[in-house]
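In terms of the working numbering, the sequence shown is residues 672 to 837. Think of the CB as a built atom: it goes at the ideal place given N, C-alpha and C, for glycine as much as any other residue. If you're wondering where the values come from, they're calculated on a predicted model, not measured in any experiment. Worksheet: one structure, shown below.
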Amino acid sequence: MIDNTIVEKLVENARRLFHSPDNPNPFVAIIAIGNEIICEADNRVYPGNDPTAHAEVMAIRAACRKLETPIIPQCTLYTSCEPCAMCFSAAWWAGIREIYYVFPGMELSLDTRNAGFYRMFSDLIRKQDSIAMKKIHAPAIDDLFRQWHPGMLHKIKKVAYENRPG
Numbered sequence: 672m673i674d675n676t677i678v679e680k681l682v683e684n685a686r687r688l689f690h691s692p693d694n695p696n697p698f699v700a701i702i703a704i705g706n707e708i709i710c711e712a713d714n715r716v717y718p719g720n721d722p723t724a725h726a727e728v729m730a731i732r733a734a735c736r737k738l739e740t741p742i743i744p745q746c747t748l749y750t751s752c753e754p755c756a757m758c759f760s761a762a763w764w765a766g767i768r769e770i771y772y773v774f775p776g777m778e779l780s781l782d783t784r785n786a787g788f789y790r791m792f793s794d795l796i797r798k799q800d801s802i803a804m805k806k807i808h809a810p811a812i813d814d815l816f817r818q819w820h821p822g823m824l825h826k827i828k829k830v831a832y833e834n835r836p837g
């Protein structure tokens with residue numbers, strides 16, 4: 672069951688990160704057991720030059736360390752954006768059974784959509800033994816993504832173009 676206090680904390684964290692001078696983006700995640708927050712994480716891709724440092728993966732890593740186990744089925748993942756294929760896979764491997772997300776990944780229109788990841792994973796999600804994915808309502812986070820998206824999409828494409836092989 673969704674915990675509104677955790678959703679409010681997710682909004683607070685997204686606003687904080689969005690307005691940070693060194694890493695302005697709205698991607699944040701929280702892992703909880705019931706209404707107890709186990710850990711909070713931000714997207715650290717650019718500060719750490721680590722393409723796997725998405726907020727969800729960072730939160731899963733922190734929760735597993737804190738709980739001293741790689742399998743955390745008792746945990747719920749709250750995230751500001753629908754998990755990408757990598758983050759969904761990490762949650763699946765960690766045994767997480769429930770994910771609440773705010774912003775739909777398809778609206779980002781990044782290359783993952785064109786590669787069919789969201790379609791493939793939406794088919795997987797429909798299976799009964801998979802993770803329950805539930806979209807939650809948090810207009811403040813939707814607004815942050817809509818402000819962030821146009822400029823960042825241009826930056827991502829520019830960096831990808833400049834760093835392509837050959």
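inquiry  = In whole angstroms, give me the CA-to-CA distance for E683 and Y771.
reply    = 16 Å
Discussion item. Let me make sure I understand the geometry here. Which of A803, D713, I812 and E711 has the alpha-carbon closest to that of M672?
Written reply: When each option's Cα is compared against that of M672, the closest is A803.
Beta-carbon spacing of A726, A703 below 9 Å: no
>> Let me confirm a value: G705 is counted as buried when at least 16 other C-beta atoms fall within 10 Å, else exposed. Which label applies?
In response: exposed
_Cβ-Cβ separation, L748 to A700 (assumed contact under 8 Å), whole Å_ = 6 Å
Mind pulling the beta strand (DSSP E) runs of 3 or more residues that sit fully within the segment 708-744?
-> none
query = Under a Cβ-count criterion, where at least 16 other Cβ atoms within 10 Å of its own Cβ denotes burial, should F698 be classed as buried or exposed?
reply = buried
Rounded C-beta distance between I709 and C758? I'm assuming under 8 Å.
That belief does not hold up - the Cβ atoms of I709 and C758 are roughly 17 Å apart, past 8 Å.
task = Name the two residues that bound the continuous alpha helix (DSSP H) containing F698.
result = Note, F698: premise wrong, no alpha helix (DSSP H); not H, not E.
Strictly by DSSP, which residues pair up with A762? None; A762 has no bridge partner.
Taking only the alpha-carbon atoms, compute the straight-line gap between G776 and F816 and give it to the nearest angstrom.
-> 10 Å
Environment of E753 [buried if 16+ CB atoms lie within 10 Å]: buried
Q.
Please identify the residue among E707, M729, P695 and V716 whose C-alpha is closest to the C-alpha of Q818.
A. P695
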